[in-house]
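Asker: What follows is a structure written as structure tokens; I'll ask about it next.
Residue numbers (the numbering used here): 1 to 844.
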């Protein structure tokens, strides 16, 4: 048989086989009863939220109006490169499902729909930070291609694809007066439909988005899990606008008030029973401290335990004032003047049980767990107390759950607060006093003076108080030594010992300074102000920080660590060297013994920072010369947003290293500043005997400038390859290197190449002649690293010769740190001849 005939018969056989092979059956559509919705449960508790919360598994109250769309295709696409493709017929590969659904979410009224998450917390594209309508009904159209295909697209697009989401959702914020959903009423046969006043809920309905069909839910009868990220900040106290919302969290004072007054799910206490002023004062303080919380109540719980948890977070107390009968909110803060406190003495105290915990009962490490809103996962911050560790020679810590906090900044503040309270062996007492103690309240403070134990003026904080019966004149107080006044107690020496206290009264500081904190020393670019203080003697235990923000001085913070410091022996000039290995010498040093040397890696991290005038530096070594002077070497100049500068002999040098750096305790106040302000401050050293009088210390003043939010100045700024030229020949080429504060390491040398990444904004370069800006030469919107001023342009601008400078400014939302070159001249034999060869000609 001829070869061609054999081939023909073989092909014919394949064709017949393919034509007669069985076809896969059409995909069967699912009925409504086949669908499985995420959560549908009668009698389920309706959640209550405050702040920003994620409500998982909203309760499906109704679903129906199922519509299907068959996906018709050719199954041959699965049989690549076979003759079966020729004979394969179109068939139903699957179905798209369109469904109406109502989901109950939480009690209202919700302020904002932050996000919707489906299928293992995937955010629905296009749904983010939607402020809800004041009518109570907000239309949310989910119509993007990304949302339609977010589960992998259809089976025609991708084998195994489960479609996505598309359609209209009407979201109801839970207002009592919100309108009813017409589609829901039509489907359920209600006329008029119920509005579900007070219930935050969502309805997936038929709409033009899906050409009249219900909401597209994908190609699978298993509905994905839904979760709503919602924001709700109660506003009932009459606080200033916006203070109920603390960076997306609720103001705890507002939340406590609502829990106690709400008539649907709360304690139903009438508003007239509250000392509104105390709640308002607490709310304003919590706002200034940025101490917001977020909480979801989704199980039947004891409201007293819920309130107790909130009060523990904010370090507060709530009680009924016996004088007014009103509920009162009190924050435990250093908000008092010890000189004005009620004092209970031997004449007022009927009984006293006094003791002090041992060092073994204290802690030197505290870890705080919080729920990070960015990831919805628990994270941990920690605080340590090195002095306690040095005393006990062991690490003893505890993990504290503060899961109502949503960010690391406030969690760190609370970790420091708890560390301060738990690291010192505080005194505890039970005091039975006469009716003089009637004015004391839960969480209040008083001074305890008891001659038999030699105690004078110990500030005690009331933890519990029983006023007893009026006729017996006995008031029983449980109290603890107040951590804010630990250094103020005086213990009287025995009268017959002859002992003389070697500790003298503290002296006013040798030096003090306010420094707006650079970006790399903040957690995320917050406005923070540090109070730096140099002790004048060795007896002081720390210093109080008193600040004036425009309404008078108040104690805004306390720091138990003075700043190491000294003064320059000789002038310290700027240098072109990338790394100054020689350094400088200081004298009159205070507190340098605790500074630890580091290495090159530590220099990049900023383990040992130095501040002279306005220039920040990073060093590696501090060497004691044995004659009262110290040599500081291994220095990188002009770091962060500062530039190398000349410093005169006698200039103050500040040091910051492990244990002595800019920490929260060294800030003027713990709370970030919401806007730029002019702050006056005084540092008042204290010892166990006394505190320097505020009138004995002069104020230092600082006007803030959003420093941590501005771009850094460019580095490696040169003219014709020189850092500080005096003359140039020919054109003047100005070059620089990018510095990106949000992308670079802590410390970058001035001569380093550009930091990789997108720069913040653009650059503006100006030409100055004899200090005057030449507007016609100004270049804006620059993104590169060079600018050239032509000799011909200079001759046109300054025919008689003038000194030239370049000024470059990074321009973003806030202008960055300005960098200006030294003045230089265009030179050459035929240019500015008299200035170069016959004397100085400054030009006209």
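Where is the CB? At the ideal position from N, CA and C, for every residue including glycine.
(1) Roughly how many whole angstroms lie between the Cα atoms of residue 825 and residue 757?
(2) If we ignore side chains and look at the alpha-carbon of each, how far apart do residue 846 and residue 694 end up?
(3) In angstroms, rounded to a whole number, what distance separates the CA positions of residue 98 and residue 184?
(4) Quick check: what's the CA-CA separation for residue 462 versus residue 59?
(5) Mind checking who residue 667 pairs with in its DSSP beta bridge?
(6) Report the rounded CA-to-CA distance for residue 48 versus residue 196, giving the unit in angstroms.
(7) Quick one: give me the first and last residue of the beta strand (DSSP E) that residue 762 is part of.
(8) With residue 714 and residue 808 assumed to form a contact (beta carbons below 8 Å), what rounded beta-carbon distance in angstroms separates them?
(9) By the three-class DSSP mapping on this structure, what secondary structure does residue 795 have?
(10) Near residue 900, which residues of its chain fall below 8 Å by C-beta distance, leaving aside the five closest residues on each side in sequence?
(11) Using only alpha-carbon positions, find the residue among 666, 586, 614 that is nearest to residue 649.
(12) Alpha carbon to alpha carbon, how far is residue 361 from residue 350? Give it in angstroms, no decimals.
(13) So, with DSSP's three-state summary, where would you put residue 285?
(14) Quick one: any contact between the stretch 308 to 324 and the stretch 520 to 529, if contact means 3 or more CB pairs under 8 Å?
(15) Per DSSP, what are the beta-bridge partners of residue 232 in this structure?
(16) Three or more beta-carbon pairs under 8 Å between the stretch 319 to 331 and the stretch 439 to 448, yes or no?
(17) Report the rounded CA-to-CA distance for residue 323 versus residue 275, giving the unit in angstroms.
(18) Note down the Cα distance separating residue 321 from residue 466, rounded to an integer number of angstroms.
(19) Tell me the residue span of the beta strand (DSSP E) that contains residue 172.
(20) On the CB-based measure, 16 or more other CB atoms within 10 Å of its CB, does residue 739 come out buried or exposed?
(21) Using 10 angstroms around the beta-carbon of residue 599, count the other beta-carbons present and answer buried if the total reaches 16, otherwise exposed.
(22) Whole-angstrom Cβ separation of residue 53 and residue 230, contact assumed at under 8 Å?
(23) Going by the CB atoms, is the gap between residue 171 and residue 162 shorter than 8 Å?
(24) Restricting to runs no shorter than 4 residues, where is the alpha helix (DSSP H) found entirely within the stretch 555 to 632?
(25) Closer than 8 Å is the cut-off here; do at least three beta carbon pairs connect the stretch 628 to 637 with the stretch 579 to 596?
(26) What is the DSSP secondary structure of residue 64, reduced to helix, strand or coil?
(27) Can we say the stretch 683 to 702 touches the stretch 533 to 540, given the rule of at least three CB pairs closer than 8 Å?
(28) Just list the residues that DSSP pairs residue 702 with in beta bridges.
(29) Compute the Euclidean distance between the alpha carbons of residue 799 and residue 705, then round it to the nearest angstrom.
(30) Using C-beta distances below 6 Å, list every residue in its chain close to residue 337, excluding the 5 sequence neighbours before and after it, in chain order.
(31) Could you compute how far the alpha carbon of residue 123 sits from the alpha carbon of residue 164?
(32) Flag this pair as yes or no: are the beta carbons of residue 732 and residue 720 separated by less than 8 Å?
(33) Among 686, 437, 793, 473, which has the Cα closest to the Cα of residue 464?
(34) State the DSSP-derived secondary structure class of residue 847, mapped to helix, strand or coil.
(35) Are the stretch 362 to 377 and the stretch 400 to 417 in contact at 8 Å, needing three or more beta carbon pairs?
(36) Count the other CB atoms, across all protein chains shown, that sit within 10 Å of the CB of residue 615; report buried if there are 16 or more and exposed otherwise.
Answerer: Well, looking at it:
(1) 35 Å
(2) Here the chain comprises residues numbered 1 to 844, so residue 846 is not present and cannot be evaluated.
(3) 15 Å
(4) 46 Å
(5) 530
(6) 16 Å
(7) 762 to 769
(8) 6 Å
(9) helix
(10) Residue 900 lies beyond the stretch modelled for the chain, which goes from 1 to 844, so this question has no answer here.
(11) 586
(12) Each residue's Cα considered, the two are about 29 Å apart.
(13) helix
(14) Verdict: no, contact absent.
(15) DSSP, once it has assigned bridges, lists 51 as partnering residue 232.
(16) Between the stretch 319 to 331 and the stretch 439 to 448 there are three or more inter-stretch CB-CB distances shorter than 8 Å, so the stretches are counted as touching.
(17) 11 Å
(18) 12 Å
(19) In the DSSP annotation of this structure, the continuous segment of the beta strand (DSSP E) that includes residue 172 starts and ends at 167 to 172.
(20) buried
(21) exposed
(22) Distance from residue 53 to residue 230 at the Cβ level is roughly 6 Å; contact confirmed, criterion being Cβ atoms closer than 8 Å.
(23) no
(24) 600 to 605
(25) yes
(26) strand
(27) yes
(28) 679
(29) Computed Cα separation, rounded: 39 Å.
(30) none
(31) 12 Å
(32) yes
(33) By alpha-carbon distance to residue 464, the top candidate from 686, 437, 793, 473 is 437.
(34) Any question about residue 847 goes unanswered here, given that the chain covers just 1 to 844.
(35) yes
(36) buried
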